[in-house]
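Enquirer: My questions will all concern the structure given below.
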Amino acid sequence: MLDFIAWYVITVALGWIVFPILYFTLPSLPGRGYSLAKLFGMLAWGYLFWILGSLGVTANNLGGLFFPLLLLVGAGFWILNKKGSGGIRQWIKDHRSLIFSSEILFLLAFTAMAFVRAYNPEINGTEKPMELAFINAILGSESMPPNDPWLSGYSISYYYFGFVLVAMMAKLAGTVGGVAFNLGVSLTFALTAVGSYGVLFNLLAIRKRGWKKALLPSLLAPFFTLILSNWEGFLHYLHSRGLFWNQVPEGNPSAFWSWLDIQNLVNRPTGDSFGHWWWWRASRVIQDYDFSFSGKEVISEFPFFSFLLGDLHPHVLSMPYVFLILGFALALYLRPPGRSFRWLKILPLEISPGFFFLLAWLAGGMAFLNIWNFPMYAGVLAGAYALRNLRGRQLRLTLDVFRDFLFLGVALGVTGGVLYLPWYLGFSSQAGGILPNVLYVTKGVQFWVMFGPLLVPIFAWLISRWVRNKTEFNFKLGIGISGVLVLGLLFLMLAIVGLASLLDVSLGGEPLTEVFLRQVGGTDLSQVVGEGLMRRITMPGTLLTLIALSTLGWGLVFPGKSGTSTSASSQEHPRGSSFILLLILVGTALVLFPEFLYLRDFFGYRINTIFKFYYQTWLMWSLAAAYIMATLGESLKNPLRSLIYAGLGLSMIMGLFYPILGLQSKTNNFNRGEGPSLDGTNLYPQTDYQGVEFLRSLPQGVIAEAVGGSYSPTHGRMATYTGYPTILGWDYHEVQWRGGWDLVMPRKQDVADLYCTGQWDLARSLLEKYDVRYLVVGDVEHSTYAVESDYCPGGIRVDKFELHLQPIFQNERLIIYEVPPQMLD
Amino acid sequence: MKNERKFTTEVALYGLIFLAALVLRLIQLGQPPLLDSEARLAFQAWQLAQGETIPVASQVAYLSVTEGLFSLFEASNFLARFWPAFAGSLLIWLPFFLRGELKRIPALVLAVGLALDPALIPVSRLSGSPMPALAFLALAAGAFHRRNIPWAVFFMGLGLFSGPGFWLGFLFLAIAVLVSKMLGLFSPGEYFKSRMDYFQGKPEVWLVGITPALLTLFMMGSFILSNFQGISAWAGALPEFLLKWGGPAGLGIGQFLTYLLLNNPLALVFGILGYVSAWRSRDRLGQVLSVLFMVSLLGMLVYPQRQAVDLIWPVIPLWISAAAELVRISRLARSTWVTQVLGGLVVVLASLNWLTFTGMIFQAARENALLLEFGLMAASLALLILSAAVVSSEWGWNTAWKGLSGGFANALLLGLVASLTLDTYILDKDPRSIFSGGSGSGQVELLVDSIADASITATGRPDSIQGAVINDSDALRWALREYEGFDYLVSLPSEMDYPLLITSVEGDFQALQENYRGQDFVLSSHPGWGRVLPDDWISWIAFRKGPVVREYLILWVRNDIYSGY
């Protein structure tokens, strides 16, 4: 409880510390950035702490945490002194209701998610141990960059900024890792809620109805982003009721469910429809098939799923800051052109240098939080800037638009990269270029199951705008651009395949064509390409949806000679709707991309690309859908309005099945045997945890413990819970982070030799090689290195340890030996 | 302004007082081994001087200066304690900043008092003490008061670099300002505005005046550009200070008040008299000082982690008031033979009473003798009162009061001078001393000498033998800093390859006795009483004698080395 209160107080205080900066930086936003202040404060504090630590100015201690805080306080005072505090004080007085709403929302969201986590706090399964390991490693590292807990002697090679923010909060509040994990989830949820609320508030407040009327409808943003889910939950419910199964004879497939083709729903329902991890399926609604029609998993997560699962992965940690950057994009879009400068004396930008610097810092931070986000949101910023520059002119797609987009995009990309250079220097990515997606096509119905709750309002709005003001819709432009995009991507895909084949290009020593064929399970390239084209023709649903979206979107955002600043309704603000169109179009581009191309990584196909791109699309489209829900009805008349609202209502209800049923299952109806707790420590066996607590009382040193595969709940456990580095943790994760097996395999063998050899000299040399300080022998080591195990045919040999090392901790299941430094000299 | 820069007699006097203060703080500074509380920071400074990359503590100024000294000269106990001693000596310049309000003579008296104070001297001789924080905060306030902003900035920076003690003092100052404002004694807004007129119409003053101060602080914080952590490490003092409010209890309130009474009677008595006269005469400076004294005293009673070294906080406002009061009393009436005789009588009777009091140690078992001693002391007090009454009736109360207070001041001054040998630099690392922080140094130097002997025997060099320390302490790490071959372990190694082992006395050492020979040394000692004062409180008050509990360690030397040892 104290930890909860401390985290709440710190976050609120951070918001107030930086609010003066935002107040004077975002004058174009009606909310002056109040709802975004906590996010901005967290990011600014975290960045200053990290960059100063990387430069050796701060250490990872309370002093290092307080120094950036004092800098922010100083900056706040300076700006108040320079600009005067009278205006901000009056603004606070006049906008108490906004402040109150924002704070209440934040507190409620924080409390609610903490409550949910308290009933299923366990840090086990999926990648939670990895996330906890990172948090504990950052807490225990003396400086930046933090130690990699699963590869001693190396620092973390990952986009770990989100974990730094969580660890900072934990350190300042004195929270242990197991509790910090769950508070981190809760805080991320709350910050996303208030961030999305803030962006929608500003979008609604610029309309003629005024800002006070925007307070309540803005709650639609966190609803659409965080609560509303895809339709899989609704379908699962129908499936559990035997819909379209009851009529089918036993043993026969159901046409409907087969057509839907969602994992496990193709099978007849059993009596335990809401049993073991049924809710997991909502993140696997997309189904790919390779050339031999074997199923390939595709990840289609969305925010509510992420919070239900409770993973503290980068795509979750970065969520609040997505809305921060969208808020700044809106501020940029609404900001009248004023000062300008030449970036590096090359590119002219109609934006003040200070504001540009902030944008670059935000965009660059996206990479550090979740690297996939960087180009996406740099693109959003550039798009907002290009649209802004059309203010007062005809909304036509001209070369100027492309120029503005490109200039700001490049400038943000380079500057953002430089601001985070210390991280880039130590980071090695598993990503290795863009490859063609020859075969995998997203089935239309699955795409609609995934995005239906958002697509319904978006299409309703786009179509209603088109229908109401046909003169404002540039069909030719819309279809033209859509065609160029689709055909262009198709051409690019085929070109890469063709060139690879013609020129016999190699990738990592292997012919690229072989890479293509291996990823799809095929043997003949022409057959595979043919199959891919055939699938695109026979499963056109997704493509048609995206073409429709793109056509409508482009056609409305650039109405051409007929459109300048006329609006579809007297209430709607043209700039607000253009910004929404921008979000819709960027989201469309993001889901279109993996239909033809994907980013190469260790998975070898588009699973991760879909995951990351679809996720960001959800965020952008959810904001758009919320705006639409808040404004659509104003311009419609009955009976059309009632009809549309009925449809939207039905769509939303279908999207609410999952959160309700999922929460019940995941929390066991809010019933936990041991009672609610935010401490997610879940180390098995429990006797090992006593060893962890003992190690935490000792100076940091390298731990030797058994090595196992990724996602193992037991391997790497000492490092995970202490934050001290071990020789090797989850092997495959290290392979992904380091770009290969070169570092990993030898260590895996060395650790096995250490435990299994009978020769003390060999063991001693290995202890010296890795500078081991603590050697652990417990149930995990005994089972990993049992007789006839893979790496240890003869079984574990503890006799040498007993003879030469002194145990410093012992219980019935675990012994920890200390390795004196002198022994290794 | 220009006149202040002339080298006047006054400045020369301050210089002499500063030198005297410095001598008192530096004499035998390196003699006793460092306590654990001192060694922690000293060891860190030594590590920094060796080029090690370690997190920098919040006492950046101490680390920066000491690391520099260690780099230039050899690390020693003397150099480890130099910075607080130097800072404590600088404190005597505070009256120089305040002489406009105090007037010259009281300011000089104050300077002497600060130089000789029996609390300020020993605290200056402790590494890691809050003396630098107090000194630089006070000097910053003084310089600000004199509108000398560059110096104020510089001293404030040094104060911020002096650890969590700065924030304690800052808190007292802030509360005192607030309370003074509420009482209508002081208007902070107008005061600050009047001081900041330094900058009016002179923007270039920032460049010329402030920049050198900031640059110097930057160089100090960056350890002359070799380690930039110091630029931020000072910020850690604030959370450290905040955490102390929830930490384990320190010195008891009764002990703290007793120490204040016993250690600083001169400043206490005349300071309080000064406050009374200030309120009676509505002297604003005195009234504000009384508020500051009460705030710092009450603050120390509330502060959970108070230590004896924190006596220095209420002592400063006491001394300012006491100095002014002493001079005021001296001017109450003309100095005649009557006042001198009365004053002399006070000194004689006080000395006799002190001897009587200390003589009670030897009469403890004889009740009648104790009664007689108390009777003598009562009789001398009665004689004094009678004498004062006679003088008062004939020559007036002012004359009598001058004689009494002058004599009393002289008697307390004699006591203060005597305590210079008692509580200050000779015994200040004795746990029976007030300022040892509850522990005293042991035989660590002897231990190191023994290790050096063994090392020479085994290897031919005094510092190259290998060893293992099983019970770690900062004082040990400091003492063994030159021994690179020493490992710090959690438990006894199973393979006894180490030529030397250092363990606590508790444990099973049967395995060692076969191959090693052991010798015990005192690691540190602690007061052997739990209440405010020991049972034989007279011995303690008079001679700082009392029971002591010692903590031992054992040095184990392997037999093959011992044969030549």
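These protein sequences, in sequence, are chains A and B. If you use this note's numbering, the first sequence corresponds to residues 3 to 827, in order. If you use this note's numbering, the second sequence corresponds to residues 16 to 580, in order. Virtual Cβ for every residue (Gly too), placed ideally from N, Cα, C. In this text the structure is predicted, and so the values were computed from the model without any measurement.
Under 7 Å, Cβ to Cβ, is there at least one residue of chain B near Ala172(A)?
Expert: Numbered from 1 along the first sequence, position 170 holds the residue referred to as residue 172(A). Answer no: the Cβ-Cβ gap between Ala172(A) and chain B never drops below 7 Å.
Enquirer: What whole-angstrom Cβ distance do Arg40(B) and Ala100(B) have, given they're in contact under 8 Å?
Expert: Counted from its first residue, the second sequence places residue 40(B) at position 25. Counted from its first residue, the second sequence places residue 100(B) at position 85. Right, the Cβ-Cβ distance comes to about 4 Å (below 8 Å), so this counts as a contact.
Enquirer: Is the stretch 160-178 of chain A touching the stretch 124-142 of chain A in the sense that three or more CB pairs, one from each, lie closer than 8 Å?
Expert: In short, these stretches touch, since the Cβ pair count reaches three.
Enquirer: Whole angstroms is fine: what's the gap from Leu437(A)'s alpha carbon to Met495(A)'s?
Expert: Start at 1 with the first residue of the first sequence, and residue 437(A) comes out as number 435. Start at 1 with the first residue of the first sequence, and residue 495(A) comes out as number 493. Taking the straight line from one Cα to the other gives about 8 Å.
Enquirer: What's the gap between the Cα of Phe811(A) and the Cα of Gly710(A)?
Expert: Looking up residue 811(A) in the first sequence gives position 809. Looking up residue 710(A) in the first sequence gives position 708. The alpha-carbon atoms of Phe811(A) and Gly710(A) are separated by roughly 23 Å.
Enquirer: In the structure shown, what three-state DSSP assignment does Glu804(A) receive?
Expert: Against the first sequence, residue 804(A) aligns to sequence position 802. It is helical.
Enquirer: Whole angstroms are fine: how far does the CA of Ser767(A) sit from the CA of Pro823(A)?
Expert: Position 821 of the first sequence, counted from the first residue, corresponds to residue 823(A). Position 765 of the first sequence, counted from the first residue, corresponds to residue 767(A). So the alpha carbons of these two residues sit roughly 12 Å apart.
Enquirer: Are the stretch 113-120 of chain B and the stretch 61-78 of chain B touching, with three or more C-beta to C-beta distances below 8 Å?
Expert: Too few Cβ pairs lie closer than 8 Å, so no.
Enquirer: With Ile125(A) and Thr689(A) assumed to form a contact (beta carbons below 8 Å), what rounded beta-carbon distance in angstroms separates them?
Expert: Position 123 of the first sequence, counted from the start, is the residue given in the question as residue 125(A). Position 687 of the first sequence, counted from the start, is the residue given in the question as residue 689(A). At roughly 18 Å, the Cβ-Cβ gap does not stay under 8 Å, so Ile125(A) and Thr689(A) are not in contact.
Enquirer: Return helix, strand or coil for Gly297(A), following the three-state DSSP convention.
Expert: The residue given as residue 297(A) occupies position 295 in the first sequence. Looking at Gly297(A) - three-state DSSP - the assignment turns out to be strand.
Enquirer: Span of the beta strand (DSSP E) holding His97(A)?
Expert: Locating residue 97(A) in the first sequence gives position 95, where the first residue counts as 1. No beta strand (DSSP E) holds His97(A); DSSP gives it neither H nor E.
Enquirer: What did DSSP end up calling Tyr793(A) once you bin it into helix, strand or coil?
Expert: Walking along the first sequence from the start, residue 793(A) turns up at place 791. DSSP places Tyr793(A) in coil when its eight states are reduced to three.
Enquirer: In whole angstroms, give me the CA-to-CA distance for Trp182(B) and Ser56(A).
Expert: Here residue 182(B) refers to the residue found at position 167 of the second sequence. Here residue 56(A) refers to the residue found at position 54 of the first sequence. Going by the C-alpha atoms only, they are around 28 Å apart.
Enquirer: According to DSSP, is Tyr704(A) helix, strand or coil?
Expert: Indexing the first sequence from 1 puts residue 704(A) at position 702. Contrary to the premise, residue 704(A) reads as Val rather than Tyr in this sequence. Looking at Val704(A) - three-state DSSP - the assignment turns out to be strand.
Enquirer: For the stretch 243-257 of chain B, which residues have a CB atom closer than 8 Å to at least one CB atom of chain A, in sequence order?
Expert: For the stretch 243-257 of chain B, which is checked against every Cβ of chain A, the residues closer than 8 Å are Phe243, Gln244, Ile246, Ser247, Ala248, Trp249, Ala250, Gly251, Ala252, Leu253, Pro254, Glu255.
Enquirer: With distances taken from CA atoms, which of Gly33(A), Gly127(A), Tyr776(A) is nearest Lys95(A)?
Expert: On the first sequence, residue 95(A) is found 93 positions in, with the first residue counted as 1. Ranking the options by Cα distance to Lys95(A), first place goes to Gly33(A).
Enquirer: By the criterion of Cβ-Cβ separation under 7 Å, what are the contact partners of Ser504(B) in chain A?
Expert: Reading the second sequence from its first residue, position 489 is the one you call residue 504(B). Residue identity differs from the one stated: residue 504(B) is Leu in this sequence, not Ser. The answer, in chain order, is Glu820, Pro822.
Enquirer: Less than 7 Å between the beta carbons of Leu583(A) and Leu558(A), yes or no?
Expert: Working through the first sequence from its first residue, we reach residue 583(A) at position 581. Working through the first sequence from its first residue, we reach residue 558(A) at position 556. Cβ atoms of Leu583(A) and Leu558(A): closer than 7 Å.
Enquirer: So, at 8 Å on beta carbons, what are the nonlocal neighbours of Gly35(A) in its own chain, with the 5 sequence-adjacent residues on each side left out?
Expert: The count along the first sequence starts at 1 and reaches residue 35(A) at position 33. The answer, listed in chain order, is Phe21, Leu24, Tyr25, Thr27, Leu28, Phe42, Gly200, Gly329, Ala333.
Enquirer: Are the beta-carbon atoms of Ser159(A) and Phe429(A) separated by less than 7 Å?
Expert: Residue numbering aside, residue 159(A) sits at position 157 when the first sequence is read from its first letter. Residue numbering aside, residue 429(A) sits at position 427 when the first sequence is read from its first letter. Yes. Within cutoff.
Enquirer: Can you tell me which of the three DSSP states Val361(B) falls into?
Expert: Counting from 1 along the second sequence, the entry for residue 361(B) is found at position 346. Of the three classes helix, strand and coil, the one that applies to Val361(B) here is helix, per DSSP.
Enquirer: Could you check whether the stretch 141-159 of chain B touches the stretch 335-353 of chain B, counting it as contact only if at least three pairs of C-beta atoms, one from each stretch, sit closer than 8 Å?
Expert: Too few Cβ pairs lie closer than 8 Å, so no.
Enquirer: Express the C-alpha separation of Ala122(B) and Glu25(B) in angstroms, rounding to a whole number.
Expert: Within the second sequence, numbered from 1, the residue matching residue 25(B) stands at position 10. Within the second sequence, numbered from 1, the residue matching residue 122(B) stands at position 107. One C-alpha to the other measures close to 10 Å.
Enquirer: Mind listing, in chain order, the continuous beta strand (DSSP E) runs of no fewer than 3 residues lying wholly within the stretch 185-218 of chain B?
Expert: Whole beta strand (DSSP E) segments, 3+ residues: zero.
Enquirer: Determine the DSSP secondary structure at Asn673(A), reduced to helix, strand or coil.
Expert: Residue 673(A) sits at position 671 when you count from the first residue of the first sequence. It is coil, neither helix nor strand.
Enquirer: Contact defined as beta carbons within less than 8 Å: I believe Ser302(A) pairs with Tyr616(A). What is the distance between those atoms, to the nearest angstrom?
Expert: In the first sequence, residue 302(A) corresponds to position 300, counting from 1. In the first sequence, residue 616(A) corresponds to position 614, counting from 1. About 6 Å separates the two Cβ atoms, so the contact holds.
Enquirer: If contacts are defined as beta-carbon pairs under 8 Å, then Phe58(B) and Arg496(B) qualify, I think. What distance do you get, rounded to the angstrom?
Expert: Against the second sequence, residue 58(B) aligns to sequence position 43. Against the second sequence, residue 496(B) aligns to sequence position 481. Correct: roughly 6 Å between the Cβ atoms.
Enquirer: Who are the neighbours of Gln481(B) on chain A, taking C-beta pairs under 7 Å?
Expert: The sequence position of residue 481(B) within the second sequence is 466, counting from 1. Neighbours of Gln481(B) on chain A, chain order: Gln824.
Enquirer: Can you tell me whether Ser508(A) is helix, strand or coil according to DSSP?
Expert: Position 506 of the first sequence, counting from 1, holds the residue named residue 508(A). Correct three-state label for Ser508(A): strand.
Enquirer: I need the straight-line Cα distance from Gly66(B) to Ser241(B), nearest angstrom please.
Expert: Within the second sequence, numbered from 1, the residue matching residue 66(B) stands at position 51. Within the second sequence, numbered from 1, the residue matching residue 241(B) stands at position 226. Whole-angstrom Cα-Cα distance: 9 Å.
Enquirer: Comparing C-alpha positions only, which one of Leu386(B), Gly482(B), Ile32(B) sits nearest to Phe501(B)?
Expert: Against the second sequence, residue 501(B) aligns to sequence position 486. The shortest Cα separation from Phe501(B) among Leu386(B), Gly482(B), Ile32(B) belongs to Gly482(B).
Enquirer: By Cβ distance below 6 Å, which residues in the same chain neighbour Leu349(A) in space, the five residues on each side in sequence not counted?
Expert: Here the question's residue 349(A) lines up with position 347 in the first sequence. Cβ neighbours of Leu349(A) beyond the five flanking positions: Phe409, Ala413.
Enquirer: Quick one: is Arg297(B) buried, meaning 16 or more other Cβ sit within 10 Å of its Cβ, or exposed?
Expert: By one-based count along the second sequence, residue 297(B) stands at place 282. The residue is exposed, with fewer than 16 neighbouring Cβ atoms inside 10 Å.
Enquirer: What is the rounded straight-line gap between the Cα of Gly390(B) and the Cα of Phe450(B)?
Expert: Counting from 1 along the second sequence, the entry for residue 390(B) is found at position 375. Counting from 1 along the second sequence, the entry for residue 450(B) is found at position 435. Roughly 34 Å separates the two Cα atoms.
Enquirer: Relative to the C-alpha of Asp535(B), which residue among Ala415(B), Ile553(B), Glu566(B) is closest?
Expert: The residue labelled residue 535(B) in the question sits at position 520 within the second sequence. Ranking Ala415(B), Ile553(B), Glu566(B) by Cα distance to Asp535(B) puts Glu566(B) first.
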